[in-house]
Amino acid sequence: MTKMRSGPYVWVTWLAKLMAGEVQCHWAAWFRTHYMGFDKAPSDFQQAAWIVAHNQCLDELCRECEDLPAMFKEDQNQFRVTRKSGLVVSGKPDLITLDENGRAMVYDIKTGVPRHSDIIQVMLYMLLLPYGSPLYKGKKLNGCLVYKNGERSEIPASAIDTEFQDRVTYFLNLLEAKEAPRRSPSIAECRYCDLTLADCPDKTSISDGESDSEEMPF
Numbered sequence: 005m006t007k008m009r010s011g012p013y014v015w016v017t018w019l020a021k022l023m024a025g026e027v028q029c030h031w032a033a034w035f036r037t038h039y040m041g042f043d044k045a046p047s048d049f050q051q052a053a054w055i056v057a058h059n060q061c062l063d064e065l066c067r068e069c070e071d072l073p074a075m076f077k078e079d080q081n082q083f084r085v086t087r088k089s090g091l092v093v094s095g096k097p098d099l100i101t102l103d104e105n106g107r108a109m110v111y112d113i114k115t116g117v118p119r120h121s122d123i124i125q126v127m128l129y130m131l132l133l134p135y136g137s138p139l140y141k142g143k144k145l146n147g148c149l150v151y152k153n154g155e156r157s158e159i160p161a162s163a164i165d166t167e168f169q170d171r172v173t174y175f176l177n178l179l180e181a182k183e184a185p186r187r188s189p190s191i192a193e194c195r196y197c198d199l200t201l202a203d204c205p206d207k208t209s210i211s212d213g214e215s216d217s218e219e220m221p222f
C-alpha cells in the first residue's frame, strides 16, 4: 500500500538517471523520494540473467584485485548520507579497493548498453562516500566503470569539482521539495516506468502495433 515516507529518501541510481536526463518525468522521481510501498507494474526485464552476468563480472574483477591490501564488495559498501534538511541519500557501489598508499578506487559494473547515468552514478559515489563512511573521510576517491565486454572508463578524483556538487545540490533540492513537480507522461518513458495508474493516473501507453496518429491527407 502506498504511504508517505517518514522523510525524503533518494537512491543514488535514481538521482543519476535524473541528472543524466534519462528520466524526464521529474514527478516520478519526486514520488519515489516521498512515497514507499506502492504497487509496481510488471516488467519484462530479465532479472535473473542480469544477476548472473553482473555477478560473473564482479567475481572476475575481484580476482583481478585480490593482491591489493583491501577490497570491499557490495553490501560492505552501502552508505547513507543525510542533508541538513533531513533528506537521505543512499547507495551501494559494487567494489571499492585500497592500494598500498591508502588510495581508494570505486568500481561499478554495468552489463548493458553504456549510458551517461553510469558515469554520474560513480561520480555520486565518489562525492558522497567520504561523508557516508568513516573509512573514506577526507579522501579523494577515483572511480572506474567496468562493462561486460571488458571496456573500462576511469574517472579521476578531479572530476568531483564545485560545478558537479552544485548540480547535485540542484537536483536534490528538486527532489526534496514539498510541492510535487508537474507530471510529464510520454509513451517512451511510461512504458518502462514501474509506477501504476493507481499512483499516476496520467500514465500513458500504446500497445505494439497501435498508433494514436492519423493518416496524412496528402
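Offset between the sequence shown (1-based) and our numbering: plus 4. Backbone N, C-alpha and C fix where the C-beta goes; we use that ideal spot for every residue, glycine too.
If you keep only unbroken alpha helix (DSSP H) runs of at least 4 residues inside the segment 27-65, you get 30-38. When C-beta atoms of the segment 63-73 are compared with those of the segment 156-170, fewer than three pairs fall below 8 Å, so the two segments do not count as touching. Rounded to the nearest angstrom, the gap between the Cα atoms of residue 192 and residue 127 is 27 Å. DSSP, reduced to helix, strand and coil, places residue 74 within a strand of the structure shown. Shown here for residue 149: same chain residues with a beta carbon closer than 7 Å to its own, the five before and five after excluded, namely 112, 114, 122, 123, 126, 156, 157 in chain order.
In the three-state reduction of the DSSP assignment, residue 83 falls in the strand class, which pools E and B. In the DSSP assignment, residue 129 falls within the alpha helix (DSSP H) that extends over 120-136.
Going by C-alpha positions, residue 80 is about 18 Å away from residue 131. Within its own chain, the residues whose Cβ lies closer than 6 Å to the Cβ of residue 74, once the five positions on either side in sequence are excluded, are 102, listed in chain order. In this structure, DSSP gives residue 162 a helical state, which the three-state scheme calls helix.
Secondary structure at residue 140: helix, using DSSP grouped into helix, strand and coil. Distances from the CA of residue 152 to each of 179, 83, 206, 55 were compared; the closest alpha carbon is that of 55.
By the C-beta criterion, the segment 24-35 is judged to be in contact with the segment 184-202, since at least 3 inter-stretch pairs fall below 8 Å.
By the criterion of a C-beta distance shorter than 7 Å, residue 58 is surrounded in its chain by 113, 115, once the five residues flanking it on both sides are discounted. With distances taken between CA atoms, residue 10 lies nearest to 41 out of 41, 25, 222.
Of the candidates 199, 63, 133, 133 places its Cα closest to the Cα of residue 108.
Counting only residues of its own chain and dropping the five nearest sequence neighbours on each side, residue 165 has no CB closer than 8 Å to any other CB.
DSSP places residue 5 outside both helix and strand once states are collapsed to three, so it counts as coil. Within the model, the alpha-carbon separation for residue 219 versus residue 208 is close to 21 Å.
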